[in-house]
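What follows is a short report on a single structure.
Residue numbers (the numbering used here): 1 to 509.
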């Protein structure tokens, strides 16, 4: 693989040069073709480089960066062409992007910006009225996409291609996961990992220039990269879901109207769709050729329900932020027998990725024996910036690799191999849970509540409903008002980490 093929923006630029008039982004007002998207990203990248330029360097290119000191720019935008532009512009400028959910509480947003060491924020005052609010950004400068100055085509010789700071070990993005200490921890992912993921997913999903891939996920979730970069690397079109489409019925109509061919959905959402199809059967969109699910455990009975109403094949994807979105996949065509287990196996690794089920002494477990799942190869992230101890604990030397310095990520997930080599996910070996596809450490929620006046002790416990949905229950000792605790949690935590109920006890059991 050439150096250019190990950078996602270079993969996109090759497609833009080959098919400039092909649609790149649809469903967000006027369609944007590859040439237009490339020009917009170049213009924003030029503005980014100017804002990031060190004092005293004049009009020359920014200083090159070494691993660990790359500038980080936050991207706080809703779904749309502007979001795709910002991701490409960050890569072209030599910066790493930090995707932020615009719906997060301001206090949480500021904490993520500080944790990542962000230098500036890309947003859009037309789309987000609070884009420039100091309550959200603090003192960080704003690059406002609604400012036409950032859409000005670069002058000859002044485009980003004139001074790329390109190497595969460069930081591509930072994204946070829930932390057991009460603070979210950033994960650093390099371009080599993101580019390998883009090309491996393009091959696994069979993406081509005729595909229209749904951009469904929350802009702050790492699956955003899986919806965007493999699609652009294949020459397909990203179809942006509008903000009003939530229910499965409305989504099916959107897919039909926009001729979407591939959709990537959170497993809980797909499970809800399957349940609703059984309750009220209806025809599914004829253009849809592949459904990808992930971010949570998939149940075999939901696949059976899906097959009662659709012949669209399903891919069950497994991965973690530390393993660059998706690490393994299992393909379920409509005519294959259902697995003889209650949950769907997570399959085998993507190209360029290794997966091992290991025992306590790092010995491979034979088929049928439970062990911990370790992920290696190109998928492994750089680590947790500023947390060398935790990085060394979770990212360990790979005893199976011939490449010097190769590492494995120990996922904390329990798994076993089947006789055919597929991997079954069996749950966690710690207290972490998945809620609506997001990793949640109940200890982070506990830390927020424990800091509130009147709370002497607290415990936050996950509860799974009969339908399979997980929610948090907070048990509190003290005189704190549950309403005030709920308000405090909502100010600091993402909505999926806010307890659904609060129970006051005289003492914790």
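By construction, the Cβ of each residue, glycine as well, lies at the ideal position given by its N, Cα and C atoms. Please read all numbers here as calculations on a predicted model, not as lab measurements.
Between the beta-carbon of residue 177 and the beta-carbon of residue 207, is there less than 9 Å?
The sequence position of residue 177 within the chain shown is 177, counting from 1. The sequence position of residue 207 within the chain shown is 207, counting from 1. No, Cβ-Cβ distance for residue 177 and residue 207 is not below 9 Å.
Check residue 102 in the structure and name its three-state DSSP category.
Taking the first residue of the chain shown as position 1, residue 102 is located at position 102. Here residue 102 sits in coil by DSSP.
Find the nearest neighbour of residue 542 within the set 225, 184, 147 and 365, judged by alpha-carbon distance.
Shown here, the chain extends from 1 to 509; a query on residue 542 therefore has no answer.
Anticipated Cβ contact below 8 Å, residue 187 with residue 381, distance rounded
The residue labelled residue 187 in the question sits at position 187 within the chain shown. The residue labelled residue 381 in the question sits at position 381 within the chain shown. Contact flag correct, Cβ pair sits at about 5 Å.
Rounded to the nearest angstrom, what separates residue 10 and residue 433 at their Cα positions?
Within the chain shown, numbered from 1, the residue matching residue 10 stands at position 10. Within the chain shown, numbered from 1, the residue matching residue 433 stands at position 433. Between residue 10 and residue 433, the C-alpha separation is close to 37 Å.
Own chain residues within Cβ distance below 6 Å of residue 365, not counting five before or after:
As a working note, residue 365 is residue 365 in the chain shown. For residue 365, where only same-chain residues beyond five positions count, the Cβ hits under 6 Å are 357, 359 and 371.
Proximity below 9 Å, CB of residue 120 to CB of residue 48:
By 1-based counting over the chain shown, the position of residue 120 is 120. By 1-based counting over the chain shown, the position of residue 48 is 48. Cβ atoms of residue 120 and residue 48: closer than 9 Å.
DSSP beta-bridge partners of residue 123:
Here residue 123 refers to the residue found at position 123 of the chain shown. DSSP, once it has assigned bridges, lists 144 as partnering residue 123.
With residue 85 and residue 126 assumed to form a contact (beta carbons below 8 Å), what rounded beta-carbon distance in angstroms separates them?
The sequence position of residue 85 within the chain shown is 85, counting from 1. The sequence position of residue 126 within the chain shown is 126, counting from 1. About 14 Å separates the two Cβ atoms, so there is no contact after all.
My output table needs one value for residue 40: the three-state DSSP class, helix, strand or coil.
Reading the chain shown from its first residue, position 40 is the one you call residue 40. Here residue 40 sits in helix by DSSP.
Could you pull the start and end residues of the beta strand (DSSP E) that residue 177 belongs to?
For the purposes of this step, residue 177 is taken as residue 177 along the chain shown, with counting starting at 1. Residue 177 -> beta strand (DSSP E) spans 171-177.
In whole angstroms, what separates the C-alpha of residue 103 from that of residue 224?
Sequence index remark: in the chain shown, residue 103 carries index 103 (1-based). Sequence index remark: in the chain shown, residue 224 carries index 224 (1-based). Whole-angstrom Cα-Cα distance: 16 Å.
For the beta strand (DSSP E) that contains residue 542, what are its first and last residues?
No statement about residue 542 is possible, as the shown extent of the chain runs from 1 to 509 and does not include it.
Rounded to the nearest angstrom, what separates residue 484 and residue 493 at their Cα positions?
Reading the chain shown from its first residue, position 484 is the one you call residue 484. Reading the chain shown from its first residue, position 493 is the one you call residue 493. Computed Cα separation, rounded: 14 Å.
Backbone CA spacing between residue 499 and residue 46 [nearest angstrom]
In the chain shown, residue 499 corresponds to position 499, counting from 1. In the chain shown, residue 46 corresponds to position 46, counting from 1. Each residue's alpha carbon lies about 43 Å from the other.
Suppose the cutoff is 7 Å on Cβ atoms and the five residues either side in sequence are ignored; what does the same chain contact list for residue 157 look like?
Residue 157 sits at position 157 when you count from the first residue of the chain shown. Low confidence applies to residue 157: its pLDDT is 49, below 50, so where it sits in the model is not reliable enough to give any reading.
Reducing DSSP to helix, strand and coil, say where residue 378 ends up.
Along the chain shown, one-based indexing puts residue 378 at 378. Three-state result, residue 378: coil.
Decide if the segment 453-461 is in contact with the segment 285-300; the criterion is three or more beta carbon pairs, one per stretch, under 8 Å apart.
no
With respect to the beta strand (DSSP E) encompassing residue 475, which residues constitute its N-terminal and C-terminal limits?
For the purposes of this step, residue 475 is taken as residue 475 along the chain shown, with counting starting at 1. Looking at the DSSP string, the run of the beta strand (DSSP E) that includes residue 475 is 470-478.
Beta-carbon gap between residue 88 and residue 38 smaller than 9 Å:
Here residue 88 refers to the residue found at position 88 when the chain shown is read from its first residue. Here residue 38 refers to the residue found at position 38 when the chain shown is read from its first residue. Taking 9 Å as the Cβ cut-off, residue 88 and residue 38 qualify as a contacting pair.
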